[in-house]
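Its first residue numbered 3, the sequence shown is counted upward by one per residue in our numbering. Just below is one structure, and these are the notes that go with it.
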Amino acid sequence: MNRPVQDAVTKVWSCCLMLVCGVKVVRHGTPIMSGPVLWVANHVSWIDIFILNSWRATSFIAKQEIRRWPVIGWLVARVGTVFIDRGQRQAIGRVSESMKALFERNICVGLFAEGTTSDGLDVRPFSSSLFEPAVRAQVAIQPVALVFWYEGQRSGKMAFIGEQTLIGNIWVLLSARQVCVEVYCLPPITQNGQPSTLSRAELAAQVRDQIRAKVVAD
Numbered sequence: 003m004n005r006p007v008q009d010a011v012t013k014v015w016s017c018c019l020m021l022v023c024g025v026k027v028v029r030h031g032t033p034i035m036s037g038p039v040l041w042v043a044n045h046v047s048w049i050d051i052f053i054l055n056s057w058r059a060t061s062f063i064a065k066q067e068i069r070r071w072p073v074i075g076w077l078v079a080r081v082g083t084v085f086i087d088r089g090q091r092q093a094i095g096r097v098s099e100s101m102k103a104l105f106e107r108n109i110c111v112g113l114f115a116e117g118t119t120s121d122g123l124d125v126r127p128f129s130s131s132l133f134e135p136a137v138r139a140q141v142a143i144q145p146v147a148l149v150f151w152y153e154g155q156r157s158g159k160m161a162f163i164g165e166q167t168l169i170g171n172i173w174v175l176l177s178a179r180q181v182c183v184e185v186y187c188l189p190p191i192t193q194n195g196q197p198s199t200l201s202r203a204e205l206a207a208q209v210r211d212q213i214r215a216k217v218v219a220d
């Protein structure tokens, strides 16, 4: 399957998944829809990947364990996810090379810089290591804030955290129905083709601050 067809299929099944799960997505701002870009988002649930893929096919960086999840692992792999084994010393280097190759093909890369999920009511500290490939490739880095609502109220109900099982989280989502996710596509921190004057740590801090301002404000 060539890339344009694969991207179209990815967007269609991601949109279908939103419908099946009864998730309403409301977009604010302007996402970068062409050329290489690093979308950096806060992370609440496995469904975050498909929310963003419903707009633009995106290759996310995700932990290796997700590949073994029933059904969801297969779906995540099918949307071009790059899996990282955090237990391996060379993992960051390998993923960085994969990101570089994706940027060279004008592909959008998604990064959950918290490295894990949160309840969606605040934002965990960011790791800066995987900002480096975007800095070196001089691609745009765009913050994306995901804000979850349930029955008209801010809620951590859909968050996949703690001791909850994947099946349990899927059941919560399917049975909730009145779920709305507001997605704020914030102005890019860096622009394509322009070197950054900030270090990766400074970039990570600035991106987190912008995302957190939206998550906490609502």
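We put the CB at the ideal spot given by N, CA and C, even for glycine. It should be emphasised that the depicted structure is a prediction, and the values quoted were computed from it without experimental measurement.
For residue i, three-class secondary structure by DSSP
| i | result |
| --- | --- |
| Q140 | coil |
| E184 | strand |
| A147 | strand |
| K102 | helix |
| Q92 | coil |
| V209 | helix |
Where the beta strand (DSSP E) containing residue i begins and where it ends
| i | result |
| --- | --- |
| F85 | 84-86 |
| L227 | Because the chain here runs from 3 to 220, residue 227 falls outside it and cannot be looked at. |
| T60 | 60-65 |
| V111 | 110-113 |
Limits of the unbroken alpha helix (DSSP H) element including residue i
| i | result |
| --- | --- |
| T167 | Premise fails: T167 is in no alpha helix (DSSP H) and is neither H nor E. |
| V14 | 5-23 |
| G75 | 74-80 |
| D50 | 50-55 |
Exposure label - residue i; buried when at least 16 CB within 10 Å
| i | result |
| --- | --- |
| K26 | exposed |
| A203 | exposed |
| N171 | buried |
| P145 | buried |
Closest residue to residue i among the options (Cα-Cα distance)
| i | options | result |
| --- | --- | --- |
| T83 | C17, K216, C110, F150 | C110 |
| I68 | A215, T118, V141 | T118 |
| G95 | I74, V73, I63 | I63 |
| E106 | G31, S36, R70 | S36 |
Beta-carbon contacts of residue i that lie in its chain and below 7 Å, excluding the five residues immediately before and after
| i | result |
| --- | --- |
| A10 | none |
| N55 | T12, K13, S16, V81 |
Cutoff 6 Å; reference residue i; Cβ partners in own chain excluding five residues on either side
| i | result |
| --- | --- |
| Q66 | F85, D87 |
Cut-off 8 Å between Cβ atoms - residues of its own chain near residue i, not counting five sequence neighbours on either side
| i | result |
| --- | --- |
| M160 | V46, S47, I49, G122, F150, Y152, N171, V174, L175, A178, V181 |
| Q193 | A142 |
| L205 | S130, F133, V137, I143, I191, T192, S198 |
| I53 | S16, M20, V25, V27, L148, V183, V185 |
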